[in-house]
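**Student:** First, the structure itself, so that you have it in front of you.
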Amino acid sequence: MSIYTHAESNIRKTWLYLTGFFVFVIGVGWLASYLMETPTILWIAVALSIIMSVSSYWYSDRVVIVLTKAKPASKEEYIELHRIVENLAITAGLPKPRVFVIDDAQSNAFATGRNAQHAVVAVTAGLLSRLDRTELEGVLAHELSHIGNKDMLLATIVVVLVGIVTILVDFFFRMTFLGGMRSRSDRQQGSNAVFLVIGLAMLILAPILAKLIQSAVSRKREFLADASGALLTRYPEGLARALEKIASHPSQMRSASDATAHLFFASPFRGKESASWIHKLFMTHPPMEQRVAALRGMSI
12 MSIYTHAESN
22 IRKTWLYLTG
32 FFVFVIGVGW
42 LASYLMETPT
52 ILWIAVALSI
62 IMSVSSYWYS
72 DRVVIVLTKA
82 KPASKEEYIE
92 LHRIVENLAI
102 TAGLPKPRVF
112 VIDDAQSNAF
122 ATGRNAQHAV
132 VAVTAGLLSR
142 LDRTELEGVL
152 AHELSHIGNK
162 DMLLATIVVV
172 LVGIVTILVD
182 FFFRMTFLGG
192 MRSRSDRQQG
202 SNAVFLVIGL
212 AMLILAPILA
222 KLIQSAVSRK
232 REFLADASGA
242 LLTRYPEGLA
252 RALEKIASHP
262 SQMRSASDAT
272 AHLFFASPFR
282 GKESASWIHK
292 LFMTHPPMEQ
302 RVAALRGMSI
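Each position in the sequence shown, counted from 1, maps to that position plus 11 in the numbering used here.
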């Protein structure tokens with residue numbers, strides 16, 4: 012498979028997931044509004060989710076830097092790192108992002124920021140000490156591809172959709188337990204009892220399904236960033252070798268959290284994650300061996 016075909020396939024699958032997610036959220040919204048007999052509840056959930064998610068998106072670079080304890084990488088101390096980032100940014104047609112270093116032995120990196128003009132790239136000390144130049148270029152090209160592919164914006168859209176589902180379900184159960192909802196089945200003498208039971212089950216499962224779709228979108232964007240990064244360096248093997256080295260050191264990151272895990276080049280919880288098939292459905296990153304195989308199966 013050519014690198015272009017691989018990238019196009021992941022883009023198509025991403026938008027297929029997103030389209031399905033939109034339909035799913037509309038269905039959950041209609042169901043919650045029907046059961047609560049309050050159509051306006053859907054618009055309240057949409058507004059709250061957008062406000063919270065856009066605020067996080069707008070200040071994402073500052074928030075993530077604080078959470079990961081990243082420090083600015085001085086040009087004097089990290090000459091080679093700045094040179095690689097600058098060269099890759101020029102090749103990608105992007106402004107050079109601000110560069111940070113995280114004092115952690117785990118090999119990892121991330122990119123964030125609301126747009127290319129406010130982007131940040133951070134690498135761990137472990138990554139700098141463990142990878143050679145071509146491997147480091149592969150990782151940084153992957154991170155710059157996230158910026159070029161506008162993955163932060165896409166992730167925010169997905170978070171908004173997940174947030175809508177979560178808020179709707181929360182409203183529903185609060186109204187139910189507080190006695191603020193009169194069941195339609197009461198008024199219609201049981202005629203809709205089966206529908207209500209099915210509706211309740213769907214609302215209980217909705218947040219889980221939303222998280223599954225969010226994780227699937229995240230995994231596809233990681234595959235796309237791998238392909239885009241390989242296209243940027245014209246050397247998929249460098250990124251494949253970097254993945255193998257990183258996989259061979261499964262230490263955990265001290266400053267990692269669930270809130271930032273999806274941003275990283277590789278899962279910061281390596282060595283702690285379960286290998287069960289259920290866990291794999293919720294993973295934000297594809298298995299390392301799949302990423303390596305995909306890269307080595309590409310032709311440029």
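Note that beta-carbon positions come from the ideal geometry of N, C-alpha and C, so glycine has one too.
1. Would GLY137 and ALA116 be called neighbours here (beta carbons separated by less than 7 angstroms)?
2. Could you check if GLN200 is buried or exposed, using at least 16 other CB atoms within 10 Å of its CB as the buried criterion?
3. If you drop the 5 nearest sequence neighbours on each side, which residues of the same chain put their C-beta closer than 7 angstroms to that of ALA267?
4. What span of residues does the beta strand (DSSP E) with ALA122 cover, start to end?
5. Looking only at C-alpha atoms, which of VAL36, THR30, GLU19 and ARG23 sits nearest to ILE219?
6. Look at the alpha carbon of ASN119 and the alpha carbon of LEU147, and state the distance between them as a whole number of angstroms.
7. Suppose the cutoff is 7 angstroms on Cβ atoms and the five residues either side in sequence are ignored; what does the same chain contact list for ALA217 look like?
8. Exposed or buried, what is THR30 when buried is set at 16 or more other beta-carbons lying within 10 Å of its beta-carbon?
9. Which one or two residues does DSSP pair with ILE113 in a beta bridge?
10. I believe GLY308 touches GLY240 by the beta-carbon criterion, under 8 angstroms. Please report the beta-carbon distance rounded to the nearest angstrom.
11. Pull up the distance between the alpha-carbon of LEU306 and that of ALA277, whole angstroms please.
12. Enumerate in chain order the residues of its own chain whose CB-to-CB distance from ASP162 is below 6 angstroms, with the five nearest sequence positions on each side excluded.
13. Residues in its own chain within less than 8 angstroms of GLN128 by CB, not counting five upstream and five downstream?
14. Fully enclosed by the segment 132-182, which alpha helix (DSSP H) runs are 4 residues long or longer?
15. In whole angstroms, give me the CA-to-CA distance for SER60 and ILE178.
16. Less than 7 angstroms between the beta carbons of HIS273 and SER229, yes or no?
17. Going by C-alpha distance, which of ALA236, MET294, ALA152 and ARG245 is nearest LYS222?
18. By the 10 Å Cβ neighbour count, where 16 or more other Cβ atoms means buried, how is PRO50 classified, buried or exposed?
19. What separation, rounded to the nearest whole angstrom, lies between the Cα atoms of ALA236 and GLU48?
20. With a CB to CB cut of under 6 angstroms and the five nearest residues on each side skipped, what residues in its chain are close to PRO247?
21. Would you kindly check if the distance between the Cβ of ALA103 and the Cβ of LEU92 is under 7 angstroms?
22. Give me the residue from LEU243, SER262, ALA270 and ILE224 with the minimum Cα distance to LYS24.
23. Do the CB positions of THR145 and ASP72 come within less than 7 angstroms of each other?
24. Just tell me which of GLY174, ARG302 and SER67 has its CA closest to the CA of LEU250.
25. DSSP on LYS222, reduced to helix/strand/coil?
26. Return the bridge partner residues of PHE184 from the DSSP annotation.
27. So the candidates are SER226, PHE32, ALA238 and PHE275; which of them puts its Cα closest to the Cα of ILE289?
28. What's the C-alpha gap between ASP114 and PRO261?
29. Given this structure, state the Cα-to-Cα distance separating ILE311 from PHE234, to the nearest angstrom.
30. Run the CB neighbour count on TYR28, radius 10 Å, all protein chains shown included, and call it buried at 16 or more, exposed below.
**Tutor:** In this structure, then:
1. For this step, residue 137 is matched to residue 126 along the sequence shown. For this step, residue 116 is matched to residue 105 along the sequence shown. Yes, they are a contact pair.
2. By one-based count along the sequence shown, residue 200 stands at place 189. Bear in mind that the predicted position of GLN200 carries a pLDDT of just 46, short of 50, making it unreliable; the figure below should be weighed with that in mind. So GLN200 ends up on the exposed side.
3. For this step, residue 267 is matched to residue 256 along the sequence shown. Result list for ALA267: PRO279 and PHE280, in chain order.
4. Your numbering for residue 122 matches position 111 in the sequence shown. 120-123 is the extent of the beta strand (DSSP E) around ALA122.
5. The residue given as residue 219 occupies position 208 in the sequence shown. Measuring from the Cα of ILE219, the nearest candidate turns out to be VAL36.
6. In the sequence shown, residue 119 corresponds to position 108, counting from 1. In the sequence shown, residue 147 corresponds to position 136, counting from 1. So the two alpha carbons sit approximately 10 angstroms from each other.
7. Within the sequence shown, numbered from 1, the residue matching residue 217 stands at position 206. Taken in chain order, the residues that qualify are VAL39, VAL176 and VAL180.
8. Here residue 30 is taken as the residue at index 19 of the sequence shown, counted from 1. THR30 is exposed by the Cβ-count criterion.
9. Here residue 113 is taken as the residue at index 102 of the sequence shown, counted from 1. THR135, per the DSSP bridge assignment.
10. Sequence index remark: in the sequence shown, residue 308 carries index 297 (1-based). Sequence index remark: in the sequence shown, residue 240 carries index 229 (1-based). Contact flag wrong, Cβ pair sits at about 15 angstroms.
11. Reading the sequence shown from its first residue, position 295 is the one you call residue 306. Reading the sequence shown from its first residue, position 266 is the one you call residue 277. Whole-angstrom Cα-Cα distance: 15 angstroms.
12. On the sequence shown, position 151 is the one that residue 162 refers to. Hits under 6 angstroms: ARG232.
13. Within the sequence shown, residue 128 is the residue found at index 117, counting from 1. PRO106, listed in sequence order.
14. 136-141 and 144-159
15. For the purposes of this step, residue 60 is taken as residue 49 along the sequence shown, with counting starting at 1. For the purposes of this step, residue 178 is taken as residue 167 along the sequence shown, with counting starting at 1. Answer to the nearest angstrom: the Cα atoms are 8 angstroms apart.
16. Start at 1 with the first residue of the sequence shown, and residue 273 comes out as number 262. Start at 1 with the first residue of the sequence shown, and residue 229 comes out as number 218. Their beta carbons are under 7 angstroms apart, which means HIS273 touches SER229 by this criterion.
17. The residue labelled residue 222 in the question sits at position 211 within the sequence shown. The option with the nearest alpha carbon to LYS222 is MET294.
18. The residue you call residue 50 lines up with position 39 of the sequence shown. So PRO50 counts as exposed.
19. By one-based count along the sequence shown, residue 236 stands at place 225. By one-based count along the sequence shown, residue 48 stands at place 37. Cα-Cα distance, rounded: 44 angstroms.
20. Counting from one through the sequence shown, the residue named residue 247 turns up at place 236. Taken in chain order, the residues that qualify are ALA241, LEU306 and MET309.
21. The residue you call residue 92 lines up with position 81 of the sequence shown. The residue you call residue 103 lines up with position 92 of the sequence shown. Cβ atoms of LEU92 and ALA103: not closer than 7 angstroms.
22. Locating residue 24 in the sequence shown gives position 13, counting from the first residue. For the residues LEU243, SER262, ALA270 and ILE224, the minimum Cα distance to LYS24 belongs to ILE224.
23. The count along the sequence shown starts at 1 and reaches residue 145 at position 134. The count along the sequence shown starts at 1 and reaches residue 72 at position 61. No, Cβ-Cβ distance for THR145 and ASP72 is not below 7 angstroms.
24. Stepping through the sequence shown from its first residue, residue 250 is reached at position 239. The shortest C-alpha separation from LEU250 is found at ARG302.
25. Mapped onto the sequence shown, residue 222 falls at position 211. Three-state DSSP puts LYS222 in a helix.
26. Numbered from its first residue, the sequence shown carries residue 184 at position 173. BP columns for PHE184 are empty, so no partner.
27. Numbered from its first residue, the sequence shown carries residue 289 at position 278. Here the closest residue by C-alpha is SER226.
28. Sequence index remark: in the sequence shown, residue 114 carries index 103 (1-based). Sequence index remark: in the sequence shown, residue 261 carries index 250 (1-based). Each residue's Cα considered, the two are about 17 angstroms apart.
29. Counting from 1 along the sequence shown, the entry for residue 311 is found at position 300. Counting from 1 along the sequence shown, the entry for residue 234 is found at position 223. Cα to Cα, the separation comes out at about 16 angstroms.
30. If you number the sequence shown from 1, residue 28 lands on position 17. It is buried - the Cβ of TYR28 has at least 16 other Cβ atoms within 10 Å.
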